[in-house]
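Participant: Numbering (the working numbering), first residue to last: -18 to 89. Virtual Cβ for every residue (Gly too), placed ideally from N, Cα, C. Predicted, not measured: the structure shown is a model, and the values here were computed from it.
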């Protein structure tokens, strides 16, 4: 099975991976509605609801839960821990420079 997207690296190969997929037939299955009232009533956090929806989608696709964490998955797929680190000073300076440029363009 070839997956049609890549986590990191050369995105130009995505169409190739899509085309070499041996099963080009797809079926659509509509799942049962999920009761979101606990989130609306602030009785449950939205992350629990997201986990429930992901679990139901995984079950419908035939996937099972693993003990892998988000960090483990990023390390396998993209080769990093999934956190983008920035230097606050340089990020703030870049944002300020962008604002100055936009205001200068408006004045012209």
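Below 8 Å on the Cβ atoms is my contact criterion, and I expect residue 50 with residue 30 to pass it. Report the Cβ-Cβ distance as a whole number of Å.
Facilitator: About 20 Å separates the two Cβ atoms, so there is no contact after all.
Participant: For residue 14, does the three-state DSSP call read helix, strand or coil?
Facilitator: Three-state DSSP puts residue 14 in coil, outside helix and strand.
Participant: Relative to the C-alpha of residue 9, which residue among 28, -4, 38 is closest?
Facilitator: Among 28, -4, 38, the Cα nearest to that of residue 9 belongs to 38.
Participant: Let's see if you can read the secondary structure: which residues bound the alpha helix (DSSP H) around residue 31?
Facilitator: Run containing residue 31: 27 to 42, per the alpha helix (DSSP H) assignment.
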